[in-house]
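Q:
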Amino acid sequence: MLPVILVGLGIVSLSATAYSFFLTGEIESEKEVQKKTLAEHDKWVRQSQKEKRARIAELVNIYRDDIENKLSIRKSICEEFLRVLKGLNEQLTGSQLTSRRRNAILNLKSDVAKKTNEIIGHIDFMEAYLMNLDACLERGAMPVPLPNSLPPEYAYHGRLISVPKESLLGARFYQNRFGQRLIIEDPKILNQNEFNDLSTVPVLVKRNGNNLRINVGAGLLKWKLDNGDTIHARVQKVRPASFSDVTAFGVKMRLNREDQKGRKKELLRGGCTTIYGLQYEYDLKPFNIHGTGKDYTRVLVTERRSDSFSERHFKHIPIRIDNKRFESVIHKIARLEYSRERWLVAPSKKDISDSRVRMQNGSVGFVAEFLPSGPGCLYLNFVEFLEDVEALDTSGIYAAFKSTIVPYMEDETLVNAVTEECTEFAHCVEREFKHQAHIMAQHKGSLDFVHWESILNALRREHLWEEEITVELIDVVFLPDGKIELLHDEGLQLFLQKHSSRTIGAFLDGRNVGFISTERDDNEYSRTLLTPFGENLKQEDFLDRFSLKLKTHPASEDRQLEALRRFRMGSIENADIKACLLNDRFLKKMKDYDLKEVFPFDKALNASQQNVLQKALSTPDLLILQGPPGTGKTRFIIELIRQTLALDAHAKILVTSQSNVAVNNVMEKLPAFLALEKMIRCGNRKHVNPRLVTCDLVERYAAYKKSLKDVSATGDMEMVLNWWKRNLSDTIPSDIGEILVEQVSVTGATCVYLGNEKNGLSRAKFDLVIVDEAGRATLPELLIPLRRGKKVVLIGDHCQLPPFIAPSIMENRYDFGLTRTEIDSLVTRSLFSKLFELAPESRRAVLDTTYRLPQQVADMVSTLFYNQKLVAAKPKVPPRYFADVVTCLDMNGDKEYFDDKMGGSRFNEKESEIVKWILGRLGRLIASDDRYGNAIPSIGVITPYALQKERLWKTTETIRRTLSQRGITVYINTVDAFQGGESDMVIYCATRKGKATEFLNDRFRLNVALSRVKQELLIIGDMETLALPVHHKKQNYFRSILHLIEQGKGTRIRYGSAPTRNLESLFQKTRINPHQ
0 MLPVILVGLG IVSLSATAYS FFLTGEIESE KEVQKKTLAE HDKWVRQSQK
50 EKRARIAELV NIYRDDIENK LSIRKSICEE FLRVLKGLNE QLTGSQLTSR
100 RRNAILNLKS DVAKKTNEII GHIDFMEAYL MNLDACLERG AMPVPLPNSL
150 PPEYAYHGRL ISVPKESLLG ARFYQNRFGQ RLIIEDPKIL NQNEFNDLST
200 VPVLVKRNGN NLRINVGAGL LKWKLDNGDT IHARVQKVRP ASFSDVTAFG
250 VKMRLNREDQ KGRKKELLRG GCTTIYGLQY EYDLKPFNIH GTGKDYTRVL
300 VTERRSDSFS ERHFKHIPIR IDNKRFESVI HKIARLEYSR ERWLVAPSKK
350 DISDSRVRMQ NGSVGFVAEF LPSGPGCLYL NFVEFLEDVE ALDTSGIYAA
400 FKSTIVPYME DETLVNAVTE ECTEFAHCVE REFKHQAHIM AQHKGSLDFV
450 HWESILNALR REHLWEEEIT VELIDVVFLP DGKIELLHDE GLQLFLQKHS
500 SRTIGAFLDG RNVGFISTER DDNEYSRTLL TPFGENLKQE DFLDRFSLKL
550 KTHPASEDRQ LEALRRFRMG SIENADIKAC LLNDRFLKKM KDYDLKEVFP
600 FDKALNASQQ NVLQKALSTP DLLILQGPPG TGKTRFIIEL IRQTLALDAH
650 AKILVTSQSN VAVNNVMEKL PAFLALEKMI RCGNRKHVNP RLVTCDLVER
700 YAAYKKSLKD VSATGDMEMV LNWWKRNLSD TIPSDIGEIL VEQVSVTGAT
750 CVYLGNEKNG LSRAKFDLVI VDEAGRATLP ELLIPLRRGK KVVLIGDHCQ
800 LPPFIAPSIM ENRYDFGLTR TEIDSLVTRS LFSKLFELAP ESRRAVLDTT
850 YRLPQQVADM VSTLFYNQKL VAAKPKVPPR YFADVVTCLD MNGDKEYFDD
900 KMGGSRFNEK ESEIVKWILG RLGRLIASDD RYGNAIPSIG VITPYALQKE
950 RLWKTTETIR RTLSQRGITV YINTVDAFQG GESDMVIYCA TRKGKATEFL
1000 NDRFRLNVAL SRVKQELLII GDMETLALPV HHKKQNYFRS ILHLIEQGKG
1050 TRIRYGSAPT RNLESLFQKT RINPHQ
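For the sequence shown, the residue numbers in numbering that gives the first Met the number 0 are 0 to 1075.
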């Protein structure tokens, strides 16, 4: 029927093939071919699958054999660990254990239990892998090779793992990619503020029967404990005589009374405190304290950082020395018996498991080895002294402790109590090595902190004694008790009476051999006694130079060392700031924040200052602000303080700097906006601005004592009040000092003075810390205020002079144990500079408009030092006195212009005479100028050399006195000392001739020299010499200055052969009124 229809419709006849495709969409001939092809394909697939299964089966068998072998080994190790744990538990039940022995066993048991659970985790993972191999074989899937170590997400008891935060919110279970179903114990704790900025959360895995659970609070707590971070806890229960229970992240902890800071008032229930880990199990499970049989708590904590593992105290550590070397070795070691310095202990090699360790105290260092002295007891065996080049490298892993090293001859019997203490010491050292290896793997930035600690310890040793008197002894008498009586003249007796309250050291030929004391016998005869350090002193030894030195207390080094130690243990208000200082990656990846809307009180703030103010008020943690010369840093600080107090009237603000001048500059401007009773200035009275005396800390304390005179009480309170009044001394008690600081809104103090523990200032904490001139502070100086603030604003300029580093450090004079490269890395770049270069845009800012510099000088400084990003607020004006705003007096043509060297500095007599003449000429011009009115310009004369400063001061003494009578102030100083200062007219004296030096061409020092001026700048020097190449890789900035002057940025005047005429040409022939 269909063919007929097709023909009837006019469709022509189709071929059989086309007709078949038209009807069915298929071609018959192709169907046959397709059948044959499919048959061949099915045959090939069956064969390939068979071969693939054979290959998979072969691979599975290989994997299975390998894993079963590994399983056998691990199960054997696990059985060994379990046997050791059983033995340790049996030892703990013994009744003859000392507390030190018990602590050592408990610590060892914790380590073994941790490893036991880790290997059980390996076994579980391998058994699960075997089951996966069988499934792969059934499915015909290629198995994945077994990793060498456990994946970080695999859970086993006591392990800390990271879990995505969104997987925990509102959930009861969490299943990882290995199919482990973990029960979430405390998901509600995620609502606490500590978790707000976390995308992944550390959780602690626990096994309960056959179930695995994860605890969020315990995970975060253990993470902080393991990394030495500060923990803020809430007091839950207080038993004043014994302990307090505190909680953090839902975990209960025990704070014993002896582990609390010394304070007159007890902790309050519901209050907060800052704690550090003292003793805890790896899985934070409850443990038994002192063998009482009762489980008290999971974690023991302390409020004192010094009680942590980083610095332990041991009474005696035995060291055995072979008989042949005993005398020579003990001569070096015994004199350290009364040393207050810490012993540093480091691994002998990079392998921290080696039984040999390196020990160092000051310049004495040696290698020792832990050896067994009996069942479970150890002692130290002396191996060899360290050469100077092998001195302890504190850039790596090390432990610190205070102890007396007790020498023993090899045939002496060691006391059990001593060896038990050494056993605990060995275990503490091993745990500290492992702990630091873990931290240093994450925080490579900690090396700078360790290096600075070595430097400060060495400086402290050198500053510990001050020599007072050289003594000629009449005779010495060796007493039976080992002491030595010194017979001397009356002069020494008067010296001893004057300093009876101080520690006096005895020195033979510069070597500290003991301490001096005085005793009176039954007849009231006073004897002077020397208590030696154990050296075998002889009569003839006292024929050498004998002297006495007074022991001092190097407060600056002590305060910086304390800040370093507390920082390393996590004692810091904002943990994010610590992470920034230790880890560059954390700083670079700090999160952005929403900018707050700001309405400045000071309407004169420019756009740059307003943008920076907005960042400073919005950042939750840190802002690094570069403030080039004259950009209004002080004005910005005042506005920041006003805005902060407007947002929170109870905010506590610290204004600090490495110099008193910078602190005074801010504090003296505050009374215009803040009541005096709301601010306090702390520091040495001679450095405090006289206008701030009324808000000085000492004055506030005196007012407090005076106010108590009118206070009265009755009954029991009367007795307490009278006792309190009697005990108020002339010095400020730390408790009172802390209260006085807490009562004000703004505190001003230098960085180092902030570490003063005697007046309580070291306890103060602040909502905002502002550090001015931060680029001039060293790392340990900056750490003192950085630790105290919830938010920190660092203000400085890394394009100006870096921190002052003592020559003793630069020259490695005191054997710091550091290489030249390590010292250079510390001193060439400040902490401020490093932070500014690494910080993201959200954490750094720049003030780009200078109000001090004339436009011509600003353009020059901007081109040379600030990549042309610094702009001048002042319009371009003609000079008033000199030939140009920037004038260069080139002394190349004068043969009398040369410099001489004396000591380590330089001077130039001709230059001093020229400056004297110029000052006289300027004085006459200024005196005849009636346009200034009361605003008489100041003159600054600066030079890079201290000796030239003295010559200038002496040469110009008469003319300066004359100018002072006319109301003209002349400042003469070195460039380094003049940083932070300014003058209307500045004369820069280069001093050198005949040689270009890196010191003169230093870009930081030259930037300071050029940027002190407000109106006109005069440069005096041999410009041909100064423009000579200094180093083939370094830019010569004097050559660049000459180039800019030739481009019309200034005027160059050659001294030549007619000096008087050329000096006159320095000045304007026709007086120009810049306001016309």
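We put the beta carbon where it would ideally sit given N, CA and C, even for glycine.
Give the C-beta separation of Leu720 and Val710 to the nearest angstrom, bearing in mind that I take them to be a contact with Cβ-Cβ under 8 angstroms.
A: Right, their Cβ atoms sit about 7 angstroms apart.
Q: Hey, could you find the ends of the alpha helix (DSSP H) Thr820 is sitting in?
A: Run containing Thr820: Arg819 to Val826, per the alpha helix (DSSP H) assignment.
Q: Hey, out of Leu921, Leu888, Gly892 and Ala1008, whose CA is closest to Leu863's CA?
A: The candidate whose alpha carbon is nearest that of Leu863 is Ala1008.
Q: Does DSSP put Phe635 in a helix, a strand or coil?
A: Helix.
Q: My output table needs one value for Met589: the three-state DSSP class, helix, strand or coil.
A: In the structure shown, Met589 sits in coil (DSSP, three-state: anything other than H, G, I, E or B).
Q: Restricting to Cα atoms, I'd like to know which of Leu267, Arg138 and Thr272 is closest to Ser570.
A: Looking at the Cα atoms, Thr272 is the closest of the given residues.
Q: Strictly by DSSP, which residues pair up with Pro346?
A: According to DSSP, which records beta bridges pairwise, Pro346 is partnered with Val356.
Q: Going by the DSSP bridge assignment, what does Asp474 pair with across the sheet?
A: Answer is Leu486.
Q: Considering Cα atoms alone, identify which of Val215, Asp883, Lys724 and Gly736 is closest to Ser1064.
A: It is Asp883.
Q: Could you compute how far the alpha carbon of Ile182 sits from the alpha carbon of Leu739?
A: So the alpha carbons of these two residues sit roughly 51 angstroms apart.
Q: With a threshold of 16 other CB atoms inside 10 Å of the CB of Asn1000, please say whether the residue is buried or exposed.
A: Result: buried.
Q: Around the Cβ of His450, are there at least 16 other Cβ atoms within 10 angstroms (buried) or fewer (exposed)?
A: Burial call: buried.
Q: Can the beta-carbon of Val215 be found closer than 8 angstroms to that of Ala232?
A: For Val215 and Ala232, no; Cβs fall outside 8 angstroms.
Q: How is Asp294 classed by DSSP in three states: helix, strand or coil?
A: With a pLDDT of only 44 at Asp294, under 50, the local geometry of the prediction cannot be trusted, and no value is derived from it.
Q: Assign Ser658 to one of three DSSP states: helix, strand, or coil.
A: Coil.
Q: Could you give the uninterrupted runs of the beta strand (DSSP E) lying entirely in the segment 724-773, keeping only those of 3 residues or more?
A: For the segment 724-773, whole beta strand (DSSP E) runs of length 3 or above, ordered along the chain, are 745-749 and 765-771.
Q: When DSSP labels each residue in this structure, what does Gly364 get in the three-state scheme?
A: Strand.
Q: Rounding to the nearest angstrom, what Cα-Cα distance links Phe672 and Val940 in this structure?
A: So the alpha carbons of these two residues sit roughly 35 angstroms apart.
Q: What's the C-alpha gap between Asp540 and Phe506?
A: Roughly 11 angstroms separates the two Cα atoms.
Q: Which runs of the beta strand (DSSP E) fall wholly inside the segment 228-256 and span at least 3 residues, in chain order?
A: 230-238, 242-247 and 250-255, all fully within the segment 228-256.
Q: Please determine, among Val597, Asn1035 and Ile122, the residue with the shortest C-alpha to C-alpha distance to Ala154.
A: Of the candidates Val597, Asn1035 and Ile122, the one whose C-alpha sits nearest the C-alpha of Ala154 is Ile122.
Q: Return the chain-ordered list of same chain residues with a C-beta closer than 6 angstroms to the C-beta of Ala615, the five sequence neighbours on each side being excluded.
A: Result list for Ala615: Leu622, Leu639 and Val792, in chain order.
Q: I think Pro801 touches Ser829, with their Cβ atoms under 8 angstroms apart; what is that distance to the nearest whole Å?
A: Right, the Cβ-Cβ distance comes to about 5 angstroms (below 8 angstroms), so this counts as a contact.
Q: Does the contact criterion of 3 or more C-beta pairs under 8 angstroms hold for the segment 60-80 versus the segment 113-132?
A: The answer is yes - the segment 113-132 touches the segment 60-80, with three or more Cβ pairs under 8 angstroms.
Q: Secondary structure at Asp410, three-state DSSP: helix, strand or coil?
A: In this structure, Asp410 counts as coil in the three-state DSSP scheme.
Q: Scan the segment 995-1066 and note each continuous alpha helix (DSSP H) run of 4 residues or more that stays entirely inside, going in chain order.
A: The qualifying runs are 1002-1009, 1022-1025, 1036-1043 and 1058-1063.
Q: To the nearest angstrom, how far is it from the Cα of Ala712 to the Cα of Gly736?
A: Straight-line Cα distance between these residues: approximately 24 angstroms.
Q: Per DSSP, Pro784 forms a beta bridge with which residues?
A: According to DSSP, which records beta bridges pairwise, Pro784 is partnered with nothing at all.
Q: What's the call for Met890, buried or exposed, on a 16-neighbour Cβ count within 10 Å?
A: By the 10 Å Cβ count, Met890 comes out buried.
Q: Hey, Cys887 and Ile986 are a contact pair by Cβ (cut 8 angstroms); roughly how many whole angstroms apart?
A: Wrong, their Cβ atoms sit about 12 angstroms apart, outside the cutoff.
Q: What is the residue span of the beta strand (DSSP E) that Asn207 lies within?
A: Looking at the DSSP string, the run of the beta strand (DSSP E) that includes Asn207 is Thr199 to Asn207.
Q: Using C-beta distances below 6 angstroms, list every residue in its chain close to Met666, excluding the 5 sequence neighbours before and after it, in chain order.
A: These residues qualify, in order along the chain: Arg680, Leu691 and Gly747.
Q: Just the Cα atoms here: how many angstroms apart are Gly269 and Arg564?
A: Whole-angstrom Cα-Cα distance: 29 angstroms.
Q: Can you tell me the Cα-Cα spacing of Arg787 and Ser927, whole angstroms?
A: One C-alpha to the other measures close to 54 angstroms.
Q: Scan the segment 914-948 and note each continuous alpha helix (DSSP H) run of 4 residues or more that stays entirely inside, going in chain order.
A: Fully enclosed alpha helix (DSSP H) runs of 4 or longer: not present.
Q: Once you ignore the five residues that flank Lys221 on each side, which residues in its own chain have a CB closer than 7 angstroms to its CB?
A: If we look at Lys221 and ignore the five residues flanking it on each side, its Cβ neighbours are Leu159, Leu203 and Leu283.
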